[in-house]
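Residue numbering for the sequence shown follows this note's numbering, beginning at 185 and increasing consecutively.
Beta carbons: idealized from backbone N, C-alpha and C, even for Gly.
Since we're looking at a predicted model, the values are computed, not measured.
Written below as structure tokens is the structure these notes are about.
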Amino acid sequence: MISGATLLAGVVGNPIAHSMSPILHNAWLAAAGIDGAYVPFRVAEDRFTGFVESLRGGSVRGLNVTIPFKEQALALADRPGERATMAGAANVLVFEADGGILADNTDGLGLLAALAGQAPGFDPGSGPVAILGAGGGARGAAAAFTAAGCPEVRIVNRTQARAQAITDVLGGEAFGLDRAAAAFEGVIAVVNATSAGLAGEGELDAPLEATPTTCVVMDMVYKPLLTPFLARAQALERRTVDGLAMLIGQAIPSFEAFYGRPPPADVDVRALALKFLEGR
Ligand code: NDP
């Protein structure tokens with residue numbers, strides 16, 4: 185039931201129909217008995233600024249932000265949080281009653297939660313990590329590993345200059361894809377933050393055999409849940425972590441930012457999301 189007092193939040197992106205965030209948030213809202221609703225917003229690329237500006241003052245409590253707006257979202261916020269500033273991108277905007285906009289980046293929290301949940305004992309401070317990709321997802325991951333005490337973050341990207349742009353800000357080393365094997369030497373984790381592997385996109389040819397046998401391999405892509413990248417890691421007997429765990433991990437602090445309390449722990453949102461994925 186939508187009432188006159190319903191607290192509205194949502195997710196903005198383009199495209200947006202594939203987003204699983206409404207499923208997670210609305211399941212939590214229903215279970216918590218909150219008078220709230222979470223809806224998708226597809227916004228044309230040149231209308232994002234106008235859309236966000238029109239929400240100042242809080243008619244919508246907050247937004248998750250996805251491709252391709254995360255960098256623009258950070259630029260529009262008057263109160264950027266440290267995580268978003270460090271990542272150079274925001275996936276959460278909160279509209280304050282006084283007209284201000286807070287920005288946060290919970291992607292990194294989701295990444296670390298996924299690793300903790302699916303690779304028990306993983307310690308991000310215990311060695312170097314390699315991140316494949318240099319877009320918003322890779323930035324969030326690099327910032328999170330750095331903040332968690334990781335001694336060296338290696339960014340490996342098809343376009344090496346984009347990897348360099350991240351290491352110029354956060355430290356670490358930039359590699360082209362052709363030097364991925366060198367980047368994988370001695371790492372405790374490899375994270376795929378490219379869109380390769382996404383259903384319908386090309387496959388990523390990464391030399392996972394160059395990683396130590398104890399290395400944890402994670403993919404941010406969750407469609408399909410077992411990507412070719414993770415399947416290859418499993419064939420090499422590496423521990424793997426999937427992108428759905430990260431999606432849920434970033435949604436938990438987002439929900440708290442919008443509705444002022446953590447989501448109820450007794451809702452199996454992973455099962456719900458898997459059902460949705462299977463139905464596509
Ligand atoms: P961007 O579009 O910003 O970046 C894409 C990156 O992928 C670029 O570095 C690009 O390289 C690289 N890339 C694309 N295709 C290929 C290919 N065929 N071979 C090698 N490299 C390739 O995307 P995001 O960083 O925002 O997102 C990346 C992925 O992570 C997406 O699939 C997204 O859905 C997922 N994601 C998942 C999250 C979760 O919660 N599970 C959270 C955030 C992201 P180049 O620079 O050379 O073009």
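Heavy atom of the ligand NDP within 7 angstroms of residue i beta-carbon
i      : result
Ala214 : no
Val405 : yes
Asn289 : no
Met270 : no
Leu431 : yes
Gln434 : yes
Asn341 : yes
Ser310 : no
Leu392 : no
Ile467 : Absent from the model: residue 467. The displayed extent of the chain is 185 to 464, so no value can be given.
Leu410 : no
Ser379 : yes
Leu361 : yes
Ala281 : no
Ala314 : no
Ala449 : no
Among the options, nearest to residue i - alpha-carbon criterion
i      : options                           : result
Thr424 : Ala415, Pro391 and Thr250         : Ala415
Ala429 : Ser438, Asp403 and Arg445         : Asp403
Phe177 : Thr397, Ser379 and Glu387         : This structure cannot speak to residue 177, because the chain is shown only from 185 to 464.
Leu192 : Asn198, Asp219 and Ala201         : Asp219
Ala271 : Ala214, Val453 and Gly320         : Gly320
Pro304 : Phe413, Leu431, Ser203 and Cys399 : Cys399
Val453 : Ala189, Gly317, His209 and Gly188 : His209
Arg231 : Ala281, Asn198 and Pro206         : Asn198
Arg342 : Ala318, Thr330, Ala322 and Ala349 : Ala318
Phe442 : Ala201, Arg346, Val223 and Arg267 : Val223
Ala189 : Ala221, Ala331 and Gly427         : Ala221
Val405 : Ile207, Leu456 and Asp291         : Asp291
Glu387 : Glu393, Leu354, Pro408 and Glu421 : Pro408
Thr411 : Ala380, Glu393 and Thr395         : Ala380
Ala394 : Ala377, Glu421, Asn376 and Ala364 : Ala364
Met185 : Glu440, Val451, Asp362 and Ala214 : Ala214
Val227 : Ala216, Gly444, Val195 and Ile350 : Val195
Arg263 : Thr378, Leu277 and Glu237         : Leu277
Ala366 : Asn376, Leu392 and Thr378         : Leu392
Pro446 : Ile432, Lys254 and Ala455         : Ile432
Gly265 : Ala327, Val236 and Asp362         : Ala327
Limits of the unbroken alpha helix (DSSP H) element including residue i
i      : result
Val244 : Run containing Val244: none; DSSP gives neither H nor E here.
Asn210 : Ser205 to Ala216
Met270 : Glu266 to Ala271
Phe329 : Gly320 to Ala331
Ile186 : No alpha helix (DSSP H) holds Ile186; DSSP gives it neither H nor E.
Glu357 : Careful: Glu357 lies outside any alpha helix (DSSP H), inside the beta strand (DSSP E) at Glu357 to Gly360.
Met430 : Gly427 to Tyr443
Val340 : Element bounds for Val340: not the alpha helix (DSSP H) but the beta strand (DSSP E), Val337 to Asn341.
Ala366 : Ala364 to Ala367
Leu296 : Asp291 to Gln302
Val353 : Gln344 to Leu354
Beta strand (DSSP E) segment containing residue i, residue limits
i      : result
Tyr222 : Gly220 to Arg226
Ala373 : Ala373 to Asn376
Phe232 : First-last for Phe232: Phe232 to Glu237, but that is the alpha helix (DSSP H), not the beta strand (DSSP E).
Val278 : Val276 to Phe279
Ala449 : Run containing Ala449: none; DSSP gives neither H nor E here.
Leu286 : Ile285 to Asp288
Rounded Cβ spacing between residue i and residue j (contact assumed at less than 8 angstroms)
i      : j      : result
Phe413 : Ala390 : 7 angstroms
Pro308 : Gly333 : 7 angstroms
Leu316 : Val374 : 7 angstroms
Ala314 : Arg338 : 4 angstroms
Gly473 : Phe279 : This structure does not reach residue 473, given that the chain is present from 185 up to 464, and the question cannot be answered.
Val451 : Ala211 : 5 angstroms
Gly370 : Pro312 : 6 angstroms
Ile200 : Ala457 : With 8 angstroms as the limit, Ile200 and Ala457 do not qualify as a contact, their Cβ atoms being about 16 angstroms apart.
Open item on the list: When you compare the stretch 282 to 291 with the stretch 241 to 261, are there three or more beta-carbon pairs, one atom per stretch, that lie closer than 8 angstroms?
Closed with: Cβ pair count under 8 angstroms is three or more, so yes.
Task: Three-pair Cβ contact test at 8 angstroms for the stretch 293 to 301 versus the stretch 235 to 252 - done: A contact between stretches requires three or more CB pairs, one per stretch, nearer than 8 angstroms, and the stretch 293 to 301 fails this requirement with the stretch 235 to 252.
- [ ] Check whether the stretch 224 to 242 touches the stretch 436 to 448, counting contact only when three or more Cβ pairs, one atom from each stretch, lie closer than 8 angstroms.
- [x] By the Cβ rule, the stretch 224 to 242 does not count as touching the stretch 436 to 448, because fewer than three pairs are nearer than 8 angstroms.
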